[in-house]
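**Q** Take this structure, written in structure tokens, and hold onto it; I'll ask about it next.
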Amino acid sequence: MSTPQQAFTFRSTFSPSWPAGKDEDDGLCDECAKLNLEESFANAFALYEGARRGRYNRKMAVYRSDIGPAYLGHFYYVTSLGDRLSRVTLCKLCNFLKRMCLDPSKGTYKLLAICTSESYLFEIPQKPKRGPPERRPWGEVEHNVFMALVPEVPLIPKTGVPVRWFENELPKIGSIYRLSRRTPDERTRLALPRVVRPRADIGLGRVWLDCCRRAHKFCAPNKLAGAALPGFRAINCAKTPMVVEDRPWSESYVALSYVWGPPSGDWSKTILDAVEVTKQLGEQYLWVDRLCINQSSIQEKQFLISKMDAIYEGAEFTIVAAAGDARTGLPGVTTKSRKSQPLVELKERIRTASTGLVDNTAASTPDPYIKLIGITTEEFEDTCKDREWLDLHRLGLKSNKLVFDSEDMRDLDEEQEIMETYGVSHEHLNFFKDFADDCGNSIDEMMTKMKHLAQCKGIPLQELIPSLIGNIATRAGVPAQPVESIARRPPSPITRSSKIERPLPPGETPGTTILISTLEDPRITVRNSEWATRGWTYQEGVLSDRRLVFTEQQMYWECNGMAKPESLDILGLRDPSRTRSADYMLSGIFDGDIHRTPELQYGFKASIGNEVFEQILKLDSHIRAFTSRNLGHDSDSLNAFLGVAAQYSTNSGLYLLLGMPVWAGLFATGKPGLQDTFALSVSAWTHAAQQVAEDAEMYVVDCPRRPQFPSWTWVGWKGRVDFSTTAAASKEEEDDLAGRDAVHVDFFKVMTSSKWASSIDRLWSAEMMLHATDGSEATMLVGHAPVASTTADPSKTWLLTIREPLVLRHMFLMHSTVEGEWRRLMGKRVQLHLSVSITEAELTTGHKSGELVTVLVFASTVPFVWNGMARYLILKRADDAGTRWERIGRLAMTLEEWELNRYKSTEEMVDALPVKKYGRDLVLI
């Protein structure tokens, strides 16, 4: 008599154990009924665990065939879904999977099982540059496996995924985990899914808050005991009815960041829900801008607006309402429901041993690794023909464009340098590298130790390795082998053999497999929300140190030391200081991203660097991000950024002058920096625009003006701003330094560095004066000026006068004879950015008629490049008399290195430019 055994209604690459007679009430289609997902999870886990223990030589790398695209491999293959997700079906598994697919009607899909440590949650290990190898606890923790829908791409094998799929697509669709039983042994499991219930788990929010309070002293409210903020008020949530009352700013309170939306009354749903969250998290006072700022007092309102940095930095935490507006409420708190989490339950059935599993690859699969990867021997051998294409440590998952770079050559150069310095062969160097890896040292540190060891033994370093090998051979009683004949030691297994091997934990419910989605990553949800499109909320997110975010699907915590989604319980791995999450863990989204296209970032930086250029880099990225958002009132274009600006204002001289980053202190040369940095900044910013023609270096976009602010600052315009000497790159062309301006940032870096300042041997900027239209104030932007004396009152209207201006002689752009160039102006290469709709012909005609004029404001040696750059403002007449002008664009002119070397002084450089004296001052509105 056969013995009953447990079986699932699923199969992977194996024949179905019940070829006929499928239960009619299991809710599965014929294809899904053939799957054994429980076994697939187990096999996938065995594959990845076996590879960590050295049983299988599996390597996650970038591969490609001779004709196919690059892909990442090798992952456990579960099944092909073909196009069945595009069909209408009653199958509960198909319908579950559909919800994890952005567009089921397009293309075909496959199901892969992936190790959690190889998902986008953890950065690809970085290749050390002569430093100690990066160490991660993958050999100590317990791992998990999830499944995901991956598009089937021609010529990418079953076990491969497209390059950048992990970070571009997986965060949008979510991962599929198997809900398992939680036991004390699971405390070291790298990640476990959570069921996201209709009601938000505020208790979990309390856990995150308490964890931050214990471990992250740098997230504590930034304020001194007893410090005062005039006019500060907060809602007393403990009183019934709730009231707004005076509250010492130095005392504890919570802040709310939300979208106002249409009028919804003083006590909107979102505010009432925020009050409830505040109370449940043990706080009594809540600060809400609409209620706690006296909207009828212009003076008080302007003062508190200028102190937004203090208000949000001083809060215990900020509640971020990233779903809807004030009328919506916080999903899951009271009446506003949350979107349901995809979940499917798949029941077991009883079968006999005689109908046991039949492996249709067994006869042709002597290698257990092939069975574990989920494909046949023939399919595996096909993938073996594909070669590794690029170094994954270098390529990682961040590069948008797959190109070779010079890193391989640098590695060879570094090896050659070490061999020449110490007089050792390449074979000997490989031994020293292994020693360094074992000890966690850099190769430089190990070579110093080995040199000392050789000296102690009284032998040359070149004889140390043969000596050590000889000693080992003598002890073993075997002949010593030549160094050259010894193969380099294979890498040590990640997991030590003494570690107990634990399988995946059992399912949460006996007899049932429960699959659950981790939902769209909340970072993506927040970025796609209405909250993330509004100008005011930008600084609220940036300035807060702790944020409890409510999206339509789940809660999300982000502070300056960790980021936690509600749907996935991720092990709290920390950096060496044990004060923040490890550098390789996925970090947050609120700190401002230096990339033009925001990317998911890894690691939590300690703070903004103290170097001026680091702060300018961050400021430029903040301005770019802020100007990408919308404002309900144009008059808020500066007010809504004042909090961020205040973070970067220092007594040493760095601040924003009506939006323009300037350094009012002394350069490292001893020269005052105000005049030059203002001239550079006012001529560096451009609007993100499109080329007027292919290969053209003229970029045009039609941006609306904000006439209440000056035209020479980005504050006076709508539209995304870049501080860049080049056009906004396409998504395929952007790289990790895409947000960095080779002149704007580097000029601040060089001129405030005693090491580099003298390299800018030619530097000129126009003399300019800032003055109010009512004549009440005027400031010459020259000399060494304290911050207080040059901070323009944003409530006034300011004019900028360029004194004794030098303007272009004409604007006749000539076709360049140099391959790859667009136009030249009087023999010099130029690039134009226009913030208004205008053609090349209109540009030329306008200059000829006097309607337009292009004025030189800055010229210098380009830092670290050694050619030169002259920057001009393109101005349009703003009145009939020609007494007022409006900035409508920027022209950058390249001075080639050979040409720059001919000039013995700054004066000769300027004299050689195609400019003339205009004859009277230019006044810019």
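Counting along the sequence shown from 1, when you hit position 737 you're at 737 in UniProt numbering, and nothing is skipped either side.
Where is the CB? At the ideal position from N, CA and C, for every residue including glycine.
Could you check which residue in Ala757, Leu617, His744 has the C-alpha nearest to that of Thr669?
**A** If we check each option's Cα against that of Thr669, Ala757 comes out closest.
**Q** Check whether the region 626-643 and the region 303-322 touch, using three or more Cβ-Cβ pairs below 8 angstroms as the test.
**A** Segments in contact, yes.
**Q** Could you check where the beta strand (DSSP E) with Gly82 kicks off and where it finishes?
**A** Where Gly82 is concerned, the enclosing beta strand (DSSP E) stretches over 76-82.
**Q** Should Val243 go down as buried or exposed, given a rule of 16 or more other Cβ atoms within 10 Å for buried?
**A** Val243 comes out exposed.
**Q** Have a look at Gly54, Glu540, Tyr655 and flag the residue whose alpha-carbon is nearest the alpha-carbon of Phe613.
**A** Residue Tyr655 is the option with its Cα nearest to Phe613.
**Q** Under DSSP, the beta strand (DSSP E) around Val196 begins and ends at which residues?
**A** Note, Val196: premise wrong, no beta strand (DSSP E); not H, not E.
**Q** Taking the Cβ atom as the reference point for each residue, do residue 944 and Gln553 lie within a distance shorter than 9 angstroms?
**A** Summary: the structure shown does not reach residue 944, with the chain confined to residues 1 through 925, and so no result is reported for it.
**Q** Just to confirm before moving on: does the CB-CB distance between Arg803 and Thr906 stay below 9 angstroms?
**A** Not a contact, by the Cβ cut-off of 9 angstroms.
**Q** Rounded to whole angstroms, what is the Cα-Cα separation between Pro331 and Arg338?
**A** Straight-line Cα distance between these residues: approximately 5 angstroms.
**Q** Does Thr773 pass the burial test, meaning 16 or more other C-beta atoms within 10 Å, or should it be called exposed?
**A** It counts as exposed.
**Q** With distance defined between alpha-carbon atoms, name the residue in Glu819, Cys91, Leu47 nearest to Tyr28.
**A** Here residue 28 turns out to be Leu, not Tyr, going by the sequence shown. Per the Cα distances, Cys91.
**Q** Out of Met780, Arg546, Ile311, Pro794, state which residue places its alpha-carbon closest to the alpha-carbon of Ile319.
**A** Nearest option by C-alpha distance: Arg546.
**Q** From Cys559 to Ala220, what does the alpha carbon distance come to, in whole angstroms?
**A** Computed Cα separation, rounded: 10 angstroms.
**Q** Which same chain residues, not among the five before or five after Val857, have their C-beta less than 8 angstroms away from its C-beta?
**A** Answer for Val857: Ala679, Val682, Ser683, Ser765, Ala766, Met768, Ile802, Arg871, Tyr872, Leu873, listed in chain order.
**Q** Buried or exposed, going by whether 16 or more other CB atoms sit within 10 Å of the CB of Leu102?
**A** Result: exposed.
**Q** Smallest Cα separation from Asp921: which of Glu899, Leu504, Leu799, His847?
**A** Nearest C-alpha to Asp921: Leu799.
**Q** In whole angstroms, what separates the C-alpha of Ala323 from that of Asn901?
**A** About 58 angstroms.
**Q** With DSSP as the reference, label Tyr872 as helix, strand or coil.
**A** In the structure shown, Tyr872 sits in a strand (DSSP, three-state: E or B).
**Q** Which word fits Ser759, buried or exposed, when buried means at least 16 other C-beta atoms lie within 10 angstroms of its C-beta?
**A** Ser759 should be labelled exposed.
**Q** Quick check: the region 490-508 against the region 33-52, are there 3 or more CB pairs under 8 angstroms?
**A** A contact exists between the region 490-508 and the region 33-52.
**Q** In this structure, how does DSSP classify Pro914 when only helix, strand and coil are distinguished?
**A** Coil.
**Q** For Lys279 versus Gly329, is the C-beta distance shorter than 9 angstroms?
**A** For Lys279 and Gly329, no; Cβs fall outside 9 angstroms.
**Q** Please tell me whether Arg829 and Met893 are closer than 9 angstroms, where the distance is taken between their beta carbons.
**A** Going by C-beta atoms, Arg829 is nearer than 9 angstroms to Met893.
**Q** Are the beta-carbon atoms belonging to Leu638 and Val715 less than 9 angstroms from one another?
**A** In this structure, Val715 lies closer than 9 angstroms to Leu638 by Cβ.
**Q** Of the choices Gly561, Gly265, Met814, Glu599, whose alpha-carbon is the least far from that of Ser581?
**A** Closest option to Ser581, Cα to Cα, is Gly561.
**Q** From the DSSP output, read off the bridge partner residues of Gln690.
**A** BP columns for Gln690 point to Val700.
**Q** To which residues of the same chain is Val721 closer than 8 angstroms at the C-beta, ignoring the five residues directly before and after it?
**A** Here the set comprises Ile623, Arg624, Thr627, Trp685, Thr686, His687, Ala688, Trp714.
**Q** Rounded to the nearest angstrom, what separates Asp83 and Phe45 at their Cα positions?
**A** If you take the alpha carbons of Asp83 and Phe45, they lie about 27 angstroms apart.
**Q** State the start and end residues of the unbroken beta strand (DSSP E) segment that holds Arg178.
**A** Looking at the DSSP string, the run of the beta strand (DSSP E) that includes Arg178 is 176-178.
**Q** Determine the direct distance from the alpha carbon of Ala238 to that of Glu540, and round the result to whole angstroms.
**A** Looking at the two C-alpha atoms, the distance is approximately 25 angstroms.
**Q** Can you tell me whether Leu155 is buried or exposed, with buried defined as 16 or more other CB within 10 angstroms of its CB?
**A** It counts as exposed.
**Q** Ile465 bridges to which residues according to DSSP?
**A** Answer by DSSP bridge pairing: none, since Ile465 is not bridged.
**Q** Assuming Leu568 contacts Thr518 under a Cβ cut-off of 8 angstroms, what Cβ separation, rounded to an integer in Å, is found between them?
**A** Sure, about 5 angstroms apart at Cβ, within 8 angstroms.
**Q** Do Arg823 and His810 count as a contact pair if the criterion is CB distance below 9 angstroms?
**A** No, they are not a contact pair.
**Q** By DSSP, does Gln831 sit in helix, in strand, or in coil?
**A** DSSP places Gln831 in strand when its eight states are reduced to three.
**Q** So for Phe812, helix, strand or coil by DSSP?
**A** Coil, per DSSP.
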